[in-house]
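In UniProt numbering, the protein residues as written are 1 to 158.
Heads up, the thing below is written out as structure tokens.
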Amino acid sequence: MRQSFDFSPFRRSAVGFDRLFDMLESSASAGVGENYPPFDLIKAGDDRYRVELVVAGFRRDEIEVTSHQNVLLISGRKAEEPGRDYIHRGIALRSFERRFALADHIQVTGADLHDGLLTIDLVREVPEAMKPRRIEIGGTVPRHDRIEAREQRQTEPA
Numbered sequence: 001m002r003q004s005f006d007f008s009p010f011r012r013s014a015v016g017f018d019r020l021f022d023m024l025e026s027s028a029s030a031g032v033g034e035n036y037p038p039f040d041l042i043k044a045g046d047d048r049y050r051v052e053l054v055v056a057g058f059r060r061d062e063i064e065v066t067s068h069q070n071v072l073l074i075s076g077r078k079a080e081e082p083g084r085d086y087i088h089r090g091i092a093l094r095s096f097e098r099r100f101a102l103a104d105h106i107q108v109t110g111a112d113l114h115d116g117l118l119t120i121d122l123v124r125e126v127p128e129a130m131k132p133r134r135i136e137i138g139g140t141v142p143r144h145d146r147i148e149a150r151e152q153r154q155t156e157p158a
């Protein structure tokens, strides 16, 4: 059984983390009773991930994978097959929808369906502008010294 967690003390002291707290609160409430289809989350490398879902009985055209605004949405809709008279139906072919929250800069690089296993590959692609870069220290006069020297020259009588 899941218990709710109050994030309000953190909200008061953390600036700019509203989306993170909203995501944590919504995932805590949305996860109750949600277990179909079963899935695995795999770390395939430093910046590579894989989501594997068991979707036995679904064809490629019955599954939709969408990535939009840091959310990976996987849905499946199985049409009723007329003319079948089931005595027992044990294979779960109900429609489903799975949502995964993606961190910033996580991109979907591919999806494949093979032997009832849907595999979605993800990679973290951090833009060059956001990567740390080394700043070389030069041997020039500090900027504040140049400003003071210029001010002294302007105040001296000519």
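Note that CB positions come from ideal geometry on N, CA and C, so glycine has one too.
Considering Cα atoms alone, identify which of the options is closest to residue i.
i: Phe58; options: Phe100, Val123 and Leu118; result: Leu118
i: Lys131; options: Gly90, His105, His114 and Ile120; result: His105
i: Val51; options: Phe17, Leu113 and Ser95; result: Leu113
i: Leu41; options: Glu81, Glu62, Gly76 and Leu102; result: Leu102
i: Asn70; options: Arg99, Ala79, Gly90 and Glu62; result: Arg99
i: Tyr36; options: Val54, Asp47 and Lys43; result: Val54
i: Ala79; options: His68, Arg60 and Ile87; result: Arg60
i: Phe39; options: Arg11, Asp6, Ile74 and His68; result: Ile74
i: Gln107; options: Arg77, Phe96 and His68; result: His68
i: Val126; options: His88, Asp46, Glu81 and Arg19; result: Asp46
i: Glu97; options: Gly90, Glu64, Glu81 and Ile87; result: Glu64
i: residue 159; options: Gly76, Leu72 and Ile87; result: Summary: the structure shown does not reach residue 159, with the chain confined to residues 1 through 158, and so no result is reported for it.
By DSSP, does residue i sit in helix, in strand, or in coil?
i: Phe39; result: strand
i: Phe17; result: coil
Identify, in the order they occur along the chain, each residue of the same chain with its Cβ nearer than 6 Å to the Cβ of residue i, setting aside the five sequence neighbours on each side.
i: Leu24; result: none
i: Ala56; result: Gly116
i: Arg48; result: Val123
i: Asp121; result: Arg50, Thr109 and Gly110
i: Gly90; result: none
If you follow the alpha helix (DSSP H) that residue i is part of, which residue opens it and which one closes it?
i: Phe10; result: Ser8 to Ser13
So residue i is in the beta strand (DSSP E); what residue range does that whole segment cover?
i: Val51; result: Arg48 to Val54
Give every residue of the same chain whose Cβ lies closer than 7 Å to the Cβ of residue i, excluding the five residues on either side of it in the sequence, and list them in chain order.
i: Phe10; result: Phe21
i: Ser93; result: In the sequence as presented, Ser is not what sits at residue 93; that position holds Leu. Only Gly57 and Lys78 meet the Cβ criterion.
Which residues in the same chain have their Cβ closer than 8 Å to the Cβ of residue i, if we skip the five residues on either side of it in sequence?
i: Phe7; result: Phe21, Leu24 and Glu25
i: Phe17; result: Phe10 and Arg11
i: Glu62; result: Gly76, Arg77, Lys78 and Ala79
Below 6 Å, is the gap between the Cβ of residue i and the nearest heavy atom of the ligand FMN?
i: Glu25; result: Ligands are entirely absent from the displayed structure, and the ligand FMN is therefore not among its contents.
Complete beta strand (DSSP E) runs within the stretch 60-138 (minimum length 3 residues, chain order): Scanning the stretch 60-138 from its first residue to its last, the whole beta strand (DSSP E) runs of 3-plus residues come out as 63-68, 71-76, 96-101, 106-114 and 117-124.
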